[in-house]
Amino acid sequence: MTLQQVTFTLPAYPRGFHLITEAVLRHIPHMPHTGMLFLFLQHTSAGIVVNENCDPDVLHDFESVFNVLVPENMPFLKHVLEGPDDMPAHIKSVLTGHSVSIPITNHRPALGRWQGIYLCEFRNHAHGRTVVASVLGHTVNDH
Amino acid sequence: MTLQQVTFTLPAYPRGFHLITEAVLRHIPHMPHTGMLFLFLQHTSAGIVVNENCDPDVLHDFESVFNVLVPENMPFLKHVLEGPDDMPAHIKSVLTGHSVSIPITNHRPALGRWQGIYLCEFRNHAHGRTVVASVLGHTVNDH
Amino acid sequence: MTLQQVTFTLPAYPRGFHLITEAVLRHIPHMPHTGMLFLFLQHTSAGIVVNENCDPDVLHDFESVFNVLVPENMPFLKHVLEGPDDMPAHIKSVLTGHSVSIPITNHRPALGRWQGIYLCEFRNHAHGRTVVASVLGHTVNDH
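Below, the structure is given as C-alpha cells:
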C-alpha cells in the first residue's frame, strides 16, 4: 500500500461551475489497481464537488441557484472589505465542500456514468486554484 | 494495511431521506480492527450523509426543509427537460454530498450514539442507487 | 503505512462557528511525512469544516447566514420537542458536513495559507463534542 501526493495549480477559471475531470486527471497519470483518490482544494472561496458531467446548462443552473441561496450584499454582513462576492464565496465554499474522496477501481476513478469533477469558482476575479491530490492504493506500478 | 472494495446497489427508495445503516453494513461483513470506511454514491441526483438515527420525524423534516431550500420550477432554470425534480436534485446532491468517510474502531463504524447513514433520494422515481464501499485498515481477518 | 486513531472531546463552545485548528492538532502530536488526516465528529447537530482562519468577522457572518438559510420555527417542522434550535441544527450539520479529510505533507496538515478548521456549533447549549481523528501515512515515527 502506498500513498502518493501531487500538488498542482489549475488555470484561473471565471466565476461559475466548471467541469475539471480531465484537467485533474492529467496530473495523476498512474493510479493503483484499487485505491482512493483524495482531492483537497487549498482555498476558502472556491469548492470542489462531483456532479453531472454532460449538459452545460447544469453548470449554468448551479451558478444561478447558488446566487439565490447565498445572495450578495446581505445587510448584516460584517466581512465586506474584500468585495461583495467574498463573504458569499466563503459560505458557498462550505456548502459545496473543499474536497472530494473518490474510489479508484481498475486504475481509474470509479465515477458513475454521469459523474464529473467540478471546480466551483465563487470569486469574480480569482487566480488559479491549488489542489493537493493524494492517491492511496495497492500496486501503484502495476499498470 | 489493506484496502478492499465492494460495489452494491441499494433497493429503490421513494423520494426522501432514508436510514440505510443496516442496508449498507450487510454488504461489509468483515471490518478491520482499526480503519476507515469510505462510501461513494455513483449518482448525481441523490446524496449520502450521516445524521440522526432515531426519530422518523427528522427524516420527514429533512425532506421538507430541502424542498424549501431548493424549490422546484425556479423560472431561471435551463436544465428542465428531465422534469422539475431533476435540477433541484443535482443542487441538493451537492449540498448533502455524495460520499461519507467514517472511522472504523473495534471492527465497527465509529458512529456516535445518535448517528446513522442516510440515503437522500431527491428524484421522484429513481432506480436503485449504486454505492462503492472502500474499507481501509489493519488486520481485516483479525475478527 | 499505518493508520492511527485518537478520540478526544473538545471543550463546549457556544453556538456559532469557532476556529479549532490548534485545539485539534494538540491531540495529534506526531504526523507522518506524507499522509491523510481524517476528522469525524460523532454528533448530528454540529459540523466540522475548513474555511478562513483570519478575520473573526467571517465566523460571525457564517452564523448569521446559516440562520437565514435554515431559520428556526418553520411551521411545518415535526421534530420540535428538543427545542427550536434542534431540527435546524440537524439540517445545518448536513449542509456543513460532519467530517473533513486533509492531506498531510512534511508532517503537517497541508492547509492553504488562509485555511483553518472550524467547529460549527448549532445548538444553543451543547456539551463538548467528540472527534475521532484518524491519521494515515508513511513513517509515523520519522520526525
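Residue numbers (the working numbering), protein chains in the order written: chain B, -3 to 139; chain Z, -3 to 139; chain C, -3 to 139. Ideal placement from N, C-alpha and C gives every residue a C-beta, glycine not left out. Here the structure is a predicted model, which is why all the values come from computation and not from measurement.
Going along the stretch 62 to 80 of chain Z in order, which residues come within less than 8 Å of chain B, judged by CB to CB distance? Leu65, Val66, Met70, Phe72, Leu73, Lys74 and His75
Where Ser41(Z) sits in the DSSP three-state scheme: What you label residue 41(Z) is simply residue 45 of the second sequence in a count that begins at 1. Of the three classes helix, strand and coil, the one that applies to Ser41(Z) here is coil, per DSSP.
By the criterion of Cβ-Cβ separation under 7 Å, what are the contact partners of Met27(Z) in chain B? Position 31 of the second sequence, counted from the first residue, corresponds to residue 27(Z). Neighbours of Met27(Z) on chain B: none; closest Cβ ~16 Å, over 7 Å.
Does the beta carbon of Pro99(Z) fall short of 7 Å from some heavy atom of the ligand ADP? Although the ligand ADP was asked about, the structure shown includes no ligands whatsoever.
Could you name the residues of chain C that Leu91(Z) contacts, counting a contact when the two beta carbons are closer than 7 Å? Along the second sequence, read from residue 1 onward, the residue named residue 91(Z) stands at position 95. Near Leu91(Z) (Cβ distances below 7 Å), the residues of chain C are Leu91.
Less than 8 Å between the CB atoms is what I'm expecting for Pro99(C) and Gln0(B), so what's the real figure, rounded? Position 103 of the third sequence, counted from the start, is the residue given in the question as residue 99(C). Position 4 of the first sequence, counted from the start, is the residue given in the question as residue 0(B). No, Pro99(C) and Gln0(B) are not in contact; Cβ-Cβ is about 11 Å, not under 8 Å.
With 8 Å as the threshold, decide whether the Cβ of Leu115(Z) is near any Cβ in chain C. As a first step, residue 115(Z) must be located in the second sequence, where it is residue number 119. No, no contact with chain C.
Please decide whether Phe36(C) counts as near chain Z, where near means a Cβ-Cβ distance under 8 Å. For the purposes of this step, residue 36(C) is taken as the residue at position 40 of the third sequence. Cβ-Cβ to chain Z under 8 Å: yes for Phe36(C).
Neighbourhood of Thr126(Z) by C-beta, 6 Å cutoff - its chain only, sequence neighbours within 5 removed: The count along the second sequence starts at 1 and reaches residue 126(Z) at position 130. Thr5 and Gln38, listed in sequence order.
Under the three-state DSSP convention, the category Val76(C) falls into: Residue 76(C) sits at position 80 when you count from the first residue of the third sequence. Coil at Val76(C), not helix or strand.
Glu117(C) vs Ala42(C) beta-carbon contact at 8 Å: Here the question's residue 117(C) lines up with position 121 in the third sequence. Here the question's residue 42(C) lines up with position 46 in the third sequence. The answer is yes: Cβ separation under 8 Å.
Please compile the residues from chain C whose C-beta is within a distance smaller than 8 Å of the C-beta of Leu132(Z). Locating residue 132(Z) in the second sequence gives position 136, where the first residue counts as 1. Result: Leu(-1) and Leu132.
Considering only their Cβ atoms, is the gap separating Phe36(Z) from His94(Z) smaller than 8 Å? Residue mapping note: residue 94(Z) aligns to position 98 of the second sequence, counting from 1. Residue mapping note: residue 36(Z) aligns to position 40 of the second sequence, counting from 1. Going by C-beta atoms, His94(Z) is nearer than 8 Å to Phe36(Z).
Identify the contact partners of Val54(C) in chain B, using a Cβ-Cβ distance below 8 Å as the criterion. Start at 1 with the first residue of the third sequence, and residue 54(C) comes out as number 58. Here the neighbours are His75, Met83 and His86.
Straight-line CA distance for Asn69(B) to Ile44(B)? In the first sequence, counting from the first residue as 1, residue 69(B) sits at position 73. In the first sequence, counting from the first residue as 1, residue 44(B) sits at position 48. Taking the straight line from one Cα to the other gives about 24 Å.
Between the Cα of Gly12(Z) and the Cα atoms of Met32(Z), Tyr114(Z) and Pro28(Z), which residue gives the shortest distance? By 1-based counting over the second sequence, the position of residue 12(Z) is 16. Closest option to Gly12(Z), Cα to Cα, is Tyr114(Z).
For the putative contact between Met(-3)(Z) and Met27(C), defined by C-beta atoms under 8 Å, what is the C-beta separation to the nearest angstrom? For the purposes of this step, residue -3(Z) is taken as residue 1 along the second sequence, with counting starting at 1. For the purposes of this step, residue 27(C) is taken as residue 31 along the third sequence, with counting starting at 1. Met(-3)(Z) to Met27(C), Cβ: 17 Å. No contact.
State yes or no: is the beta carbon of Ser97(C) nearer than 8 Å to at least one beta carbon in chain B? Position 101 of the third sequence, counted from the first residue, corresponds to residue 97(C). Taking Cβ atoms only, chain B reaches closer than 8 Å to Ser97(C), which makes this a yes.
Any chain C beta carbon closer than 8 Å to Thr101(B): Here residue 101(B) corresponds to residue number 105 of the first sequence, with the count starting at 1. Cβ-Cβ to chain C under 8 Å: no for Thr101(B).
Assess contact between the stretch 81 to 93 of chain C and the stretch 75 to 82 of chain B, defined as three or more Cβ pairs (one per stretch) separated by less than 8 Å. Is contact present? no
Suppose you measure from the CA of Val136(C) to the CA of His29(C); what does that come to, to the nearest Å? Counted from its first residue, the third sequence places residue 136(C) at position 140. Counted from its first residue, the third sequence places residue 29(C) at position 33. Low local confidence applies: a pLDDT of 47 at Val136(C) is under 50, so the model's placement there is unreliable, with the coordinate-based value given in what follows. Their Cα atoms are separated by approximately 7 Å.
Using a Cβ cut-off of 7 Å, pull out every chain B residue sitting near Val46(C), in sequence order please. Here the question's residue 46(C) lines up with position 50 in the third sequence. Per Cβ cutoff of 7 Å: His94.
Look at Gln111(B) and Asn63(B) and say whether their C-beta atoms are less than 8 Å apart. Mapped onto the first sequence, residue 111(B) falls at position 115. Mapped onto the first sequence, residue 63(B) falls at position 67. Result no, Cβ atoms of Gln111(B) and Asn63(B) do not sit closer than 8 Å.
In the DSSP assignment, what residue or residues form a beta bridge with Gly93(B)? As a first step, residue 93(B) must be located in the first sequence, where it is residue number 97. For Gly93(B), which the question treats as bridged, DSSP gives no partner whatsoever.
Nearest-angstrom Cα distance between Pro105(Z) and Ala129(C)? Numbered from 1 along the second sequence, position 109 holds the residue referred to as residue 105(Z). Numbered from 1 along the third sequence, position 133 holds the residue referred to as residue 129(C). Cα to Cα, Pro105(Z) sits roughly 13 Å from Ala129(C).
Return the residue from the list Arg119(Z), Val96(Z) and Gly124(Z) that minimises the CA-CA distance to Met32(B). The count along the first sequence starts at 1 and reaches residue 32(B) at position 36. Ranking the options by Cα distance to Met32(B), first place goes to Val96(Z).
Please report the straight-line C-alpha distance between Gly133(B) and Gly108(B), rounded to a whole angstrom. Numbered from its first residue, the first sequence carries residue 133(B) at position 137. Numbered from its first residue, the first sequence carries residue 108(B) at position 112. Their backbone Cα atoms lie some 20 Å apart in a straight line.
Unbroken beta strand (DSSP E) run spanning Val66(B), endpoints: Here residue 66(B) refers to the residue found at position 70 of the first sequence. Premise fails: Val66(B) is in no beta strand (DSSP E) and is neither H nor E.
Beta-carbon separation of Leu91(C) and Leu55(B) under 8 Å? Position 95 of the third sequence, counted from the start, is the residue given in the question as residue 91(C). Position 59 of the first sequence, counted from the start, is the residue given in the question as residue 55(B). It is not a contact, given that the beta carbons lie outside the stated cut-off.
Starting from Leu6(Z), trace the beta strand (DSSP E) in both directions and tell me its first and last residue. Start at 1 with the first residue of the second sequence, and residue 6(Z) comes out as number 10. It is not in any beta strand (DSSP E) - Leu6(Z) carries neither H nor E in the DSSP assignment.
Can you name the residues of chain B whose CB is closer than 7 Å to the CB of Ala31(C)? On the third sequence, position 35 is the one that residue 31(C) refers to. Going by the sequence as given, residue 31(C) is Gly instead of Ala. Residues of chain B passing the Cβ test: Leu(-1).
Grouping DSSP H, G and I as helix and E and B as strand, with all else coil, what is Leu115(B)? Position 119 of the first sequence, counted from the first residue, corresponds to residue 115(B). In the structure shown, Leu115(B) sits in a strand (DSSP, three-state: E or B).
Contacts that Gly12(B) makes with chain Z (C-beta to C-beta distance below 7 Å): Here residue 12(B) is taken as the residue at index 16 of the first sequence, counted from 1. None at all; the shortest Cβ gap to chain Z is about 13 Å.
Where Thr5(C) meets chain Z, residues with beta-carbon distance less than 9 Å: As a working mapping, residue 5(C) is identified with position 9 in the third sequence. Listed along chain Z, no residue sits closer than 9 Å to Thr5(C) by beta-carbon distance, the nearest being about 12 Å off.
So, is Arg119(C) buried or exposed, given that buried needs 16 or more other C-beta atoms within 10 angstroms? Start at 1 with the first residue of the third sequence, and residue 119(C) comes out as number 123. Residue burial annotation: Arg119(C) is buried, with at least 16 other C-beta atoms found within 10 angstroms of its C-beta.
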